[in-house]
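**Student:** Chains as they are written, first to last, in numbering that gives the first Met the number 0: chain A, 0 to 503; chain B, 0 to 356; chain C, 0 to 339. The beta-carbon is built from N, C-alpha and C at its ideal position, and this holds for glycine as well. Computed from a predicted model, the values in this text were never measured in an experiment. My structure is below; once you've seen it, I'll send some questions.
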Amino acid sequence: MKAVSPEPLLEVRAMGKSFPGVRALNDVSLKLEKGEVLAVLGENGAGKSTLMKILAGVQPADEGQILMAGKPVEIAGVNDALEQGIALIHQELNMATNLSVAANIFLGREPRKRGLIDEAAILEKSKKYLEMVGLEVDPQEILGTLAIGRQQLVEIAKALSVKARVLIMDEPTSSLSQRETDTLFGVIRDLRGRGVSIIYISHRLGEAKELADRVMVLRDGENAGDLAKDEINHDAMVRLMVGREISEFYSRTIHEPGEVALEVRRLRTSAHPEHELNFSLRAGEVVGMAGLVGAGRTELLAALFGVAPLRGGEISLCGAKADLQSPEDAIRGGLALVPEDRKLQGLILEMTVRQNLGLAILKQESSYGLFLNEVREGEISRKMMAQMQIKTPSSRQVVRYLSGGNQQKVVLGKWLALEPRVLLLDEPTRGIDVGAKQEIYGLMEDLAARGVAILFVSSEMEEVLRMSDRVLVMHEGRLTGELPRDRLSEEAVMQLAIGNTIAA
Amino acid sequence: MKLTTFGDIFPKLSGAQGEGVKRIFGIFLLLLVVYVATAILNPNFLGPYNQENLIRRTSLFGILGIGVALVIITGGIDLSLGSVVCLVGVGVPWLIMDKGWAPWLALTMALVVPLLIGLCHGLLVTKLKLQPFIVTLCGLLIYRGVTRGFTGDQTAGFGSELKGLRWIANGEIPLFPGFGIPFPAIILIVIALLAGIFLNRTIYGRYLLALGNNEEAARFSGINTDRMITLAYVISSGLAGLAGLLFVLDLNLAQPVDFGNFYELYAIAAAVLGGCSLRGGSGTIVGVIIGTALLRVLRNMMNMAFLGFQRAEFAVIGAVILGGVIADELAKRAVARKLSAQKDRDRGSKLERLPPD
Amino acid sequence: MKVLSSFLLSAGLAILALGLAGCGGGSDSGGGDDARYAYVTNGVDPFWTIAASGVRAAAADLQVHADVLMPAAGAVEQKSMLEDLMTRGTTGIAVSPIDSANQTDFLNQVAEQTILITQDSDAPDSNRLINIGMDNYDAGRECGKLVKEALPDGGSIMILVGRMEQDNARRRRQGVIDEVLDRSHDPNRFDPPGSQIAGEKFTILGTLTDQFDRAKAKANAEDTLARNPDISGMVGLFAYNPPLILEALEQAGRLKEVKVIAFDEADRTLQGIVDGEVYGTVVQNPFFYGYRSIEVLKAIHEGRETGADENGFINIEARKIRKDNVEEFWADLKKKLGKQ
């Protein structure tokens, strides 16, 4: 930790903010020293995002004070924030992917020569900032052609180009691979060394532990407590976030797996047709699928579920060969897929909880294969809402207005209503808070106990290690190895994920 | 499946559908205002003859509106309706009167050709992934051009033939002296009931609404989205063909060059007024009919009450549609604000549901 | 997929070719002279089909080449047709201007490059050499005479017309109003379309336009009956107006009760005269519009006399068709259209 100067670089005092019907922030304070990495933690809805939006000038505060180096400042808009040197790196990247890297860095502040954009100056200056974030890329490259992680570094370079003294990063690693995450952490440490202060928001407690000089936790819009560097540990963070002890954060009861439920032979996906995949899944087994982002795991699940075409190979369900041309076929075969992006692929956001829960089972429950059976739909949605503990004021609430965790439970409930024999989960806990994660783990365990075969893709190492009976690891479209529970370790998974083989 | 009341067919809706119901109510109020205002300005407006006319016009244009509404619900658009109206409206009398076809054969063509046209639109949109706007815009040009081509641009009509068949468009079922229900209204009611049942009471209607909102999620839920979208285009073109037939049976003359011109836009306007979002995923059949009625009553109002301002007719209609859409958008925002406040409250009390240690 | 797409592509091309082949039916070629004449209408209408047959007859008789062009999409398309004709090189053009007041400058440009005459509707301020047509004001007055004959005791009438932007429509309507109200002969008078004008015996309730939308044209007739249930007569000034007035009256059960006075010679209109549902109609002579246009263009091209008056006007007189002469007229018309 840095030596504490008399006045912190950034200080927030007694910040309050209300939205119609809810108090989002109440008497929140925050201090940030020069060159400090402050991790801000909290469950969804704890007020993290609101606080950061106020600091970045996206939303005004109702009450409270912001001080920079001890002097009160007025932040009424994004430009005010930038003038104070505060820049927000958005959770979902907020750049023009159709323009070049350099054009993005100077978007809205283009240096001009005789009224026209001075392209030469833009290129020259961009190089300097790209160097600062350690990104080797041609500034003339179109941004959209870069991987997400590299795009994010461009956004950081953009923040540096406006001489940012405080960088706010909102879930920067949520869509990054492990390697990209490592690069980003290197950049963050380097920036800290240059005296840039960083506010880091994440759901991943491991990252906070690895990176932060200090942790600040928000709960229900109020300060829940701070942790100094030497106090940062997993349990302490969770305790502050949920407000009480949770021992045994997740535990698994291991069951004896049953018959083979899914068997894949010489399967070739259209994403990586050069590799043949062979594996099987048994009833009651929970198999984790690890690998870096882009290893072909999502594509494999999509191919199994009939969303993406197969290039070859065969799939057997419960010993019988299955021809899965479409999701309809897959559903008939007893498969279910909870996709990676619930808003894009999992939910009809403008429909109600009840309608979403019933969507997959409608046909099976219809009269004459044509008419809706509203009575059954109601029964099913009541049952699933109870089983999944979906928190919603009514089954007729539009799904858009549910929290991420509850939305994910709706997606799960839609499939569980069908009582699938094989459940495919793609990043089942991405972007949902600790409490909801816990519930989803519990559900996975219940299902396994009832004999459902579960294959889940996850980029969170802790999740893979704790939930899996067995782990399959993929690297660039190829299965690089399989680890039974007793040989499971972070080290082993990582070695396979980066394409190495490991000694038995 | 028993259908006993109106509410069974158009059930109490919730969520996005619930907002749709509020929209309909708003547009219905607007219709009522225009209706009452015109009646006050010219009491003849309420005469049975004028009411019959209004019902017949609303029925003919309403059939078009229902078709395009289904396509709009999928998030698509059908700009070719007017030209399909022209193709059938001109084609049927041309086949019967000029080519000497048997009426039943010409009528079969009038039903089959539009269905095939819709199938082509659907396949081009779903299989080749062309944008609906482009596909149906080309349709708009092609079908009109083809019609003008095969008829040599000649007006077609039935002369004094086929009075019996023409009854389905201009006949009426007498209720009491001086007033009868125009037969097209019966056709519209049947189509509206079928469409209402399809949209609200069958799984396929639910699929249509779902995929209009999020096609990918619908596909991931095991819905054959391509087939559903194609079906919507088939229904839309098919109803346009039916409307084209009824129009020519009513008017008894159809000219290739401009028969049905702009009708796709009236239909789209009616659907939007009636609560269909051009983004897809929402819309009701009742709303479309009320929207159509509003447009027809507005035009009638100009003739009944503002004869000297007839040239401003389009401006008035445009202003009313715009006003309706703006009012609707403002209402929707108010609802969204209320709901997102509720969401924040839900989050605030979320910890209550964590299982006890 | 590939099979499907190539199938659809070829099907589309086939349909397109079919359409184009049908559209191109307006041209006719004669021999001998390499002069090319063009006859441009103001829209697509049976009226122009008759005129086109006159053009073809003239082209055959005079051994010249003449094209008939019918703009389907209003003044904009008519302009581009004329531009294309100039680009292609045309000896002479006979045009019916859609919007004469605003097309004057453009028509002058055309007149600089080629022989320009107007037919049907005139563009009096332009440099066109000749106008062939009927004086629409006079024709309107003829129509007005029919109204007075049909309603000897007077009454209220509504005028229905496609649109009022055209010079011929405006003058025709004014002729009807002036004759019915027994006013003096003044083609430049103009009464606004919405106003109700009461005379001694007759009241003009107004003028309704439909912008060529047929459903709207019928709705106008229906709305008139709803608004003025005691109306005595309806005057339809464009060829399609009288048939739609008849449809509206038939559905309202008021055929023969409300007098219909027509313009032009739609089949339904003529049948209506035969059946006593239409009192009479004023017909132009579109066949001669077409025939004379080509004759005059050729005469100008060859430096011969055209027979126009001092204003450059060649009158093709309008005729009144009533029950007494309808059969004879209709038979002649069918002959000219080659329908027999």
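1. Which residues does DSSP list as the beta-bridge partners of PRO71/A?
2. Decide yes or no for the touch test of the region 90-97 of chain B against the region 274-289 of chain B: beta carbon pairs closer than 8 Å, at least 3 of them.
3. Hey, could you find the ends of the alpha helix (DSSP H) TYR36/C is sitting in?
4. Can you name the start and end residues of the beta strand (DSSP E) that THR208/C belongs to?
5. Would you tell me roughly how many angstroms separate the C-alpha atoms of ILE23/B and LEU63/B, rounded to the nearest one?
6. Of all Cβ atoms in chain F, is any one closer than 7 Å to the Cβ of ASP222/C?
7. Just to confirm before moving on: does the CB-CB distance between GLY132/C and ASP119/C stay below 7 Å?
8. Give me, in chain order, the residues of the same chain whose beta-carbon lies closer than 7 Å to that of GLY338/A; leave out the 5 immediate sequence neighbours on both sides.
9. Would ARG513/A and ARG375/A be called neighbours here (beta carbons separated by less than 7 Å)?
10. Using only the heavy atoms of the ligand ADP, determine whether one of them is closer than 6 Å to the beta carbon of GLU206/A.
11. Where GLY259/B and VAL87/B are concerned, what is the direct C-alpha to C-alpha distance, given to the nearest angstrom?
12. Could you work out which residue in GLU6/A, GLY107/A, MET466/A, ASP432/A is closest to GLY441/A when comparing CA atoms only?
13. When you check each C-beta in the region 124-138 of chain B against every C-beta of chain C, which residues fall closer than 9 Å?
14. Where does the unbroken alpha helix (DSSP H) through VAL325/C begin, and where does it stop?
15. Note down, in chain order, every chain C residue with its Cβ under 7 Å from the Cβ of LEU306/B.
16. Can you list, in chain order, the residues of its chain with a C-beta nearer than 7 Å to that of ILE231/A? Leave out the 5 residues immediately preceding and following it.
17. Just the chain B side, please: which residues come within less than 9 Å of LEU243/C by C-beta, in chain order?
18. Where do the N-terminal and C-terminal ends of the alpha helix (DSSP H) with LYS127/A fall, by residue?
19. Between HIS89/A and the rest of its own chain, which residues show a CB-CB distance below 8 Å, the 5 nearest in sequence each way excluded?
20. Decide if GLY295/A is buried, meaning its Cβ has at least 16 other Cβ atoms within 10 Å, or exposed.
21. Against GLY345/A, what residues of chain B qualify as contacts under a CB-to-CB distance less than 8 Å, listed in chain order?
22. To the nearest angstrom, report how far apart LYS16/A and ARG332/B are at their CA atoms.
23. In terms of residue numbering, what span does the beta strand (DSSP E) encompassing VAL64/C cover?
24. Which same chain residues, not among the five before or five after ALA101/A, have their C-beta less than 7 Å away from its C-beta?
25. Can at least three beta-carbon pairs, one atom from the region 410-418 of chain A and one from the region 317-327 of chain A, be found at a separation below 8 Å?
26. Any residues in the region 322-334 of chain C with a beta carbon nearer than 7 Å to a beta carbon of chain B? Which ones, in chain order?
27. Grouping DSSP H, G and I as helix and E and B as strand, with all else coil, what is GLU164/C?
28. Quick one: which unbroken beta strand (DSSP E) runs of 3-plus residues sit fully inside the region 154-214 of chain B? Chain order, please.
29. So, helix, strand or coil for GLN118/C, using DSSP?
30. Determine the DSSP secondary structure at ASP27/C, reduced to helix, strand or coil.
31. Give the interface partners of PRO59/A over in chain B, defined as CB-CB distance under 7 Å, in chain order.
32. Please confirm if THR57/B has its CB atom under 7 Å from at least one CB of chain C.
33. Beta-carbon of PHE370/A versus every beta-carbon of chain B: anything under 7 Å?
34. Skipping 5 residues on each side, what residues in its chain have a beta carbon closer than 6 Å to that of ALA301/A?
35. Within the region 163-233 of chain A, note down every full alpha helix (DSSP H) run reaching 4 residues or more, in order along the chain.
36. Who are ALA86/A's beta bridge partners in DSSP?
**Tutor:** Taking the geometry as given:
1. Along the first sequence, read from residue 1 onward, the residue named residue 71/A stands at position 72. Answer is LEU66/A.
2. no
3. One-based indexing of the third sequence puts residue 36/C at position 37. No alpha helix (DSSP H) holds TYR36/C; the beta strand (DSSP E) holding it covers 35-39.
4. Within the third sequence, residue 208/C is the residue found at index 209, counting from 1. Where THR208/C is concerned, the enclosing beta strand (DSSP E) stretches over 201-208.
5. On the second sequence, position 24 is the one that residue 23/B refers to. On the second sequence, position 64 is the one that residue 63/B refers to. Cα to Cα, the separation comes out at about 18 Å.
6. Among the protein chains of the structure shown, namely A, B and C, there is no chain F.
7. As a working note, residue 132/C is residue 133 in the third sequence. As a working note, residue 119/C is residue 120 in the third sequence. Closer than 7 Å, so yes.
8. Here residue 338/A corresponds to residue number 339 of the first sequence, with the count starting at 1. The identity of residue 338/A in the sequence shown is Pro, whereas the question assumes Gly. Within the same chain, PRO338/A has close Cβ partners GLN344, GLY345, ASP425.
9. Past the edges of chain A, shown from 0 to 503, lies residue 513/A, and the structure says nothing about it.
10. In terms of ligand content, the structure shown is empty, and the ligand ADP therefore cannot be addressed.
11. Numbered from 1 along the second sequence, position 260 holds the residue referred to as residue 259/B. Numbered from 1 along the second sequence, position 88 holds the residue referred to as residue 87/B. So the alpha carbons of these two residues sit roughly 10 Å apart.
12. As a first step, residue 441/A must be located in the first sequence, where it is residue number 442. Nearest option by C-alpha distance: MET466/A.
13. LYS126, LEU127, CYS137
14. Within the third sequence, residue 325/C is the residue found at index 326, counting from 1. Note, VAL325/C: alpha helix (DSSP H), 325-335.
15. Position 307 of the second sequence holds residue 306/B. Those within 7 Å of LEU306/B in chain C are GLY193, GLY205.
16. Against the first sequence, residue 231/A aligns to sequence position 232. Excluding residues within five positions, the ones whose Cβ falls inside 7 Å are ALA207, LYS208, ALA211, VAL214.
17. In the third sequence, counting from the first residue as 1, residue 243/C sits at position 244. Correct list: LEU250, ASN251, LEU252.
18. Within the first sequence, numbered from 1, the residue matching residue 127/A stands at position 128. Segment 118-131, the alpha helix (DSSP H) holding LYS127/A.
19. As a first step, residue 89/A is located in the first sequence; it is residue number 90 there, counting from the start. Contacts found: GLU154, ASP169.
20. On the first sequence, position 296 is the one that residue 295/A refers to. That one is buried.
21. To locate residue 345/A, count along the first sequence from 1; it is residue 346. Within chain B, the residues near GLY345/A are ALA216, PHE219.
22. Mapped onto the first sequence, residue 16/A falls at position 17. Mapped onto the second sequence, residue 332/B falls at position 333. The straight-line gap from Cα to Cα measures roughly 21 Å.
23. Taking the third sequence and counting its residues from 1, the one referred to as residue 64/C is at position 65. One detail in the question is off: residue 64/C reads as His in this sequence, not Val. Element bounds for HIS64/C: 64-68.
24. Translated into the one-based positions of the first sequence, residue 101/A becomes position 102. Excluding sequence neighbours, ALA101/A sits near ILE121, LEU122, SER125, PRO138, GLN139.
25. no
26. none
27. For this step, residue 164/C is matched to residue 165 along the third sequence. If DSSP states are grouped into helix, strand and coil, GLU164/C belongs with coil.
28. 171-175, 178-181
29. In the third sequence, the residue the question calls residue 118/C occupies position 119. Strand.
30. One-based indexing of the third sequence puts residue 27/C at position 28. For ASP27/C, the pLDDT reaches just 42, beneath the cut-off of 50, and the residue's location in the model is therefore unreliable, although a value from the coordinates is still provided. Correct three-state label for ASP27/C: strand.
31. Reading the first sequence from its first residue, position 60 is the one you call residue 59/A. Those do not exist, as PRO59/A stays about 17 Å from chain B at its closest Cβ, beyond 7 Å.
32. As a working mapping, residue 57/B is identified with position 58 in the second sequence. So no, THR57/B is outside the interface.
33. The residue labelled residue 370/A in the question sits at position 371 within the first sequence. Yes, because at least one Cβ of chain B sits closer than 7 Å to the Cβ of PHE370/A.
34. Position 302 of the first sequence, counted from the first residue, corresponds to residue 301/A. Contacts found: ALA307.
35. 177-192, 204-210
36. Locating residue 86/A in the first sequence gives position 87, where the first residue counts as 1. Paired residue(s): LEU166/A.
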